[in-house]
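Heads up, the thing below is written out as structure tokens.
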Amino acid sequence: MKEFKVITLTSILISIAVAFISLLFNGFNFGRVFTIQWWGTSLLYSFVLTILNSYYFTFLNTRIHWKNRGLLRILVGTIGSVILTMLGYFICTFVLAVLILEKQTINEFFESQSLRNYVFPLLITIIASLFFHVVYFYRALQEKKVTEQKIIAGT
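Under our numbering, the first residue of the sequence shown carries the number 16, and numbering increases by one thereafter.
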């Protein structure tokens, strides 16, 4: 239950950050960002992508540990996260366009897909994944230093 709360809170914070970025890039057009449809869409994407990545990194933590394998961990974590996020983004886009908003048929949806639709989410995913890896790597490094200091202090 605690993990679900953290994922939900993270999703809300991501949606707020995306709203702020959207406002910056659309000339502070509040009417576009402050709608139920915009927030529902943003929360759907952020929740699905956050839960996918959360479970992926939980799984990864049991398989590839940081100790002596930091570079491998960063590469596998980043590449896997990017693939999962792009798949999740595609599924969210499909669900919204075809099932919820009914803006497109299945055939129209697949015909309208192009790589251009995925450039922004791809960039955000790479940046976020690298950021979280750096933070985690830094935290692990700090814990190692504290352990070393405790050993030195104990002698």
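All C-beta atoms, glycine included, are put in the ideal place defined by N, C-alpha and C. Keep in mind that this is a model prediction, so the values were computed, not measured.
Query: Using 8 Å for Cβ pairs, my map puts residue 107 next to residue 63. What's the rounded Cβ distance?; Result: 5 Å
Query: Measuring CA to CA, which of 21, 145, 155, 134 is closest to residue 65?; Result: 21
Query: CB residue 95 to CB residue 148, shorter than 8 Å?; Result: no
Query: Which whole-angstrom value describes the C-beta separation of residue 58 and residue 26, a residue pair presumed to lie in contact below a C-beta threshold of 8 Å?; Result: 6 Å
Query: So the alpha helix (DSSP H) residue 123 belongs to, where does it begin and stop?; Result: 121-127
Query: Beta-carbon within less than 8 Å of residue 113's beta-carbon, same chain only, minus the 5 sequence neighbours each way: which residues are those?; Result: 119, 120, 121, 124
Query: Whose C-alpha, out of 23, 54, 24, is nearest the C-alpha of residue 37?; Result: 54
Query: Just to confirm the assignment, what range does the alpha helix (DSSP H) spanning residue 101 have?; Result: 85-109
Query: Pull up the CB-CB distance for residue 79 and residue 87, whole angstroms please, since I reckon it's below 8 Å.; Result: 6 Å
Query: Tell me whether residue 116 sits in a helix, a strand or coil according to DSSP, three-state version.; Result: coil
Query: Give the secondary structure of residue 148 by DSSP, where H, G and I count as helix, E and B as strand, and everything else as coil.; Result: helix
Query: Using a threshold of 8 Å, state whether the C-beta atoms of residue 152 and residue 85 are closer than that.; Result: yes
Query: Please look up how many angstroms separate the CB atoms of residue 137 and residue 101, rounded, as I've assumed it's under 8 Å.; Result: 7 Å
Query: I'd like the span of the alpha helix (DSSP H) that includes residue 133, first residue to last.; Result: Residue 133 -> no alpha helix (DSSP H), and no H or E assigned at all.
Query: Tell whether a beta-carbon distance below 8 Å holds between residue 60 and residue 104.; Result: yes
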